[in-house]
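Below: the structure, in structure tokens.
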Amino acid sequence: MTNKLTIICVDDERNVLLMLRNQLMHFFKNCKIEIAESGDEALEVIEEILSSGLDVALVIADQIMPKMKGDEFLIELHDRHPQILKVMLTGQANVEDIGNVVNRANLYRFISKPWNENDLMLTVAEALRRYAQEKQLAAHQLALQQTNLELIELNASLEKSNLELKRVSKLKDEFLTMMNHELRTPFNAILGMSECLLDEIYGSINPSQKDAIALIQSSSNHLLKLINDILDISNLTTGSVKLAIKSVAIVELCNSSLDLVNQQALKKQIQITLNICSDLESFEADPTRMKQVLINLLDNAIKFTPIGGKVCLEVKINHQPPTQPLTFANVAKTSDSLEPIDQNQENLSINSWVSFAITDTGIGIAPSDHNRIFLPFIQIDSGLNRCYEGTGIGLATVKQIVELHRGYIELSSQIGQGSCFTVGIPSTRSPHRL
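Residue 1 is where the sequence shown starts when you use UniProt numbering, and the numbers rise one by one after that.
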């Protein structure tokens with residue numbers, strides 16, 4: 001049900017009052033027209049209407065009335081309810097009275113008696129439109145104030161959450177520091193002692209004992225690798241890794257990486273080939289981290305390639321931009337690391353890439369899983385956990401390291417047809433970035 005606007009007519013001459021009401025009722029059928037014969041009576045009527053939840057939009061009052069003159073009434077009304085518009089309709093008011101009500105009651109209009117019906121109706125229509133606009137504006141302002149309050153509360157909540165996140169982050173860093181020392185140290189002791197036992201430094205052992213110690217050593221190496229992987233991906237994702245950029249010999253990088261996976265390939269009778277473009281000698285990168293990238297990718301290629309398969313590492317210059325937009329990870333600012341720069345500017349300055357492509361004849365990856373495999377702790381098939389060892393964070397680590405170098409990684413693969421992971425690293429860098 002709509003709230004009808006109310007117009008109050010105030011005049012001590014009843015015939016004038018009734019004529020005014022009839023004219024208003026004829027022209028403004030959607031409004032409720034009330035009358036009062038004095039200012040006191042009008043104030044009572046207005047308070048009663050407002051208390052019932054209805055709106056009083058306009059008051060039309062005569063000036064010359066007993067007890068309370070029109071200007072006094074309108075000033076009192078303005079003090080109580082400034083939102084109500086006020087019109088003075090009189091033929092006997094002096095300039096001083098009109099000036100008083102204009103200044104102290106914010107008079108909307110003054111109309112002389114006898115009034116012109118068209119002028120009066122036009123004035124009332126304009127007043128009703130203005131009232132509706134001001135009411136709507138007041139509602140918007142109230143809503144804006146409420147929104148501002150909610151934003152203040154939200155900001156306070158976010159600030160509290162940020163403080164909590166900082167506290168949790170600090171605890172995590174402290175925990176990782178503890179993990180680094182408390183877990184790695186005993187594993188190094190276990191590995192060192194098992195190696196001494198296998199070398200029979202403390203005396204001869206029988207074949208069964210040798211097998212048992214070898215299993216301890218193998219399991220310890222595996223668990224230590226998992227711990228190292230978890231600590232590494234945590235440091236990479238928090239942006240605390242510092243790159244030591246220097247000139248890297250490509251042949252040496254590839255051969256040293258292959259040396260660490262050759263034994264694994266030999267066990268599965270997998271043929272590994274290395275093809276390096278003849279005009280490629282070196283590029284600028286962190287050699288330790290780039291070796292980590294190649295070993296991770298080669299290790300995966302061998303792991304997911306059946307016995308007797310093939311793995312190829314091909315290195316060449318690529319002048320084509322990556323098919324996907326680049327996203328760069330944060331880099332810690334140090335004297336020997338890359339400084340974060342504008343990504344768009346970086347894209348414009350790179351016109352060639354050193355491309356490392358690792359291709360295998362393995363089980364392949366469905367296109368729908370190409371993005372998921374770069375997420376931490378993800379293996380695309382839960383059954384793989386039983387068939388292949390690993391945490392599922394190797395490719396996430398690779399992606400982070402490559403992005404730290406302002407590079408990219410792409411995947412081409414189909415189920416049952418093998419995979420090709422291509423890593424592109426900028427072949428040159430501006431001097432200010434080294």
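Even glycine gets a Cβ: it sits at the ideal position worked out from N, Cα and C. Predicted, not measured: the structure shown is a model, and the values here were computed from it.
Roughly how many angstroms lie between the CA atoms of residue i and residue j, to the nearest whole one?
i    : j    : result
D369 : N275 : 28 Å
N371 : E403 : 15 Å
Q269 : M179 : 37 Å
G394 : L375 : 9 Å
A332 : L236 : Because the pLDDT of A332 is 40, which lies under 50, any placement of that residue in the model is unreliable, and the number read from its coordinates should be weighed accordingly. Rounded to whole angstroms, A332 to L236 spans 10 Å at the Cα level.
N206 : I213 : 11 Å
S335 : L231 : A caution first: S335 carries a pLDDT of 33, below 50, which makes its placement in the model too unreliable to give a value.
I35  : I64  : 16 Å
S355 : L253 : 13 Å
N106 : H81  : 11 Å
I46  : E153 : 38 Å
I425 : K310 : 25 Å
D79  : N162 : 47 Å
E134 : L165 : 45 Å
A244 : E284 : 10 Å
G415 : T185 : Correcting the residue type first, residue 415 is Ile in the shown sequence and not Gly. One C-alpha to the other measures close to 42 Å.
A127 : E117 : 15 Å
H405 : D286 : 8 Å
S382 : N148 : Since pLDDT at S382 reaches only 43, below the 50 mark, its modelled position is unreliable, and the value read off the structure follows with that caveat. When rounded, the distance between both Cα atoms is 48 Å.
P224 : A366 : Inspection of the sequence shows that residue 224 is occupied by Leu rather than by Pro. The alpha-carbon atoms of L224 and A366 are separated by roughly 31 Å.
V398 : N262 : 20 Å
S204 : W353 : 55 Å
F27  : V124 : 10 Å
R14  : E37  : 7 Å
L411 : G418 : 11 Å
P340 : L266 : For P340, the predicted structure reports a pLDDT of 41, less than 50, and the residue's modelled location is therefore unreliable. The matter cannot be settled from this model.
N103 : L158 : 48 Å
N351 : I401 : 20 Å
Whose CA, out of the options, lies closest to the CA of residue i?
i           : options                : result
C9          : I190, L74, G53, I230   : L74
I111        : Y131, Q141, K135, D62  : D62
R129        : Y108, E174, I230, V248 : Y108
L24         : S256, E153, T6, I401   : T6
M121        : L297, G99, K29         : K29
N228        : V423, K113, E182, P426 : E182
D173        : I233, I216, E195, G203 : I233
L43         : M19, I245, E72         : E72
P66         : E41, A139, K166, L158  : E41
R289        : I317, V261, V241       : V241
I190        : V168, N155, Q217, R167 : Q217
I317        : L215, A285, A357       : A357
K113        : N155, I409, T90        : T90
residue 435 : H319, D286, Q264       : Summary: the structure shown does not reach residue 435, with the chain confined to residues 1 through 434, and so no result is reported for it.
L20         : K210, W115, A125       : W115
G407        : S157, T323, D97        : T323
L298        : V248, H319, S278, T273 : T273
M68         : H26, N22, D11          : D11
L313        : S51, I33, F421         : F421
C277        : V251, I302, N3         : V251
S247        : S282, E159, R104       : S282
V4          : I350, K32, V16         : Position check: residue 4 holds Lys in this sequence, whereas Val was assumed. It is K32.
N221        : E200, D119, E195       : E195
D279        : S427, D199, I350       : S427
Could you give the first and the last residue of the continuous beta strand (DSSP E) run that contains residue i?
i           : result
A36         : 32 to 36
S412        : 408 to 413
K246        : 246 to 249
S419        : 419 to 426
S189        : Ser is not the amino acid found at residue 189; the sequence shown has Ala there. Not the beta strand (DSSP E): A189 falls in the alpha helix (DSSP H), residues 184 to 198.
L375        : Per DSSP, L375 belongs to no beta strand (DSSP E) and is neither H nor E.
residue 435 : Limits of the chain in this structure are 1 at one end and 434 at the other, which puts residue 435 out of reach.
I7          : 5 to 10
On the DSSP letters alone, give me the boundaries of the alpha helix (DSSP H) that residue i sits inside.
i    : result
N318 : Note, N318: premise wrong, no alpha helix (DSSP H); beta strand (DSSP E) at 310 to 318.
F304 : Looking at the DSSP string, F304 is not in any alpha helix (DSSP H), and its letter there is neither H nor E.
A396 : 394 to 404
L27  : It should be pointed out that residue 27 corresponds to Phe in this sequence rather than to Leu. Segment 14 to 27, the alpha helix (DSSP H) holding F27.
Counting only beta-carbon separations shorter than 8 Å, does residue i have a partner in chain B?
i    : result
Q320 : Although the question refers to chain B, the structure presented lacks it and comprises just one protein chain.
Taking 7 Å as the cut-off, is the CB of residue i close to at least one heavy atom of the ligand GDP?
i    : result
I213 : Looking for the ligand GDP in the displayed structure turns up nothing, as the structure carries no ligands at all.
Open item on the list: For the stretch 77 to 90 against the stretch 46 to 61, do three or more pairs of beta-carbon atoms, one drawn from each stretch, fall closer than 8 Å, so that the two count as touching?
Closed with: Cβ pair count under 8 Å is three or more, so yes.
Open item on the list: Pairs of beta-carbons, one from the stretch 356 to 364 and one from the stretch 297 to 312, closer than 8 Å: are there three or more?
Closed with: In this structure the stretch 356 to 364 lies against the stretch 297 to 312, because at least three pairs of beta carbons, one per stretch, are closer than 8 Å.
TODO: Go through the stretch 48 to 116 residue by residue and report every complete run of the beta strand (DSSP E) that reaches 3 residues or more, in order.
DONE: Listed in chain order, the beta strand (DSSP E) runs fully inside the stretch 48 to 116 are 55 to 61, 85 to 90, 109 to 112, counting runs of at least 3 residues.
Task: Every unbroken alpha helix (DSSP H) within the stretch 223 to 302, with a cutoff of 4 residues, ordered by chain - done: 250 to 259, 262 to 267
Task: contact_flag[the stretch 287 to 296, the stretch 251 to 270] where n(CB pairs < 8 Å) is 3 or more - done: yes
- [ ] Would you mind listing the alpha helix (DSSP H) stretches within the stretch 114 to 181 that are 4+ residues and don't spill past its ends, in chain order?
- [x] none
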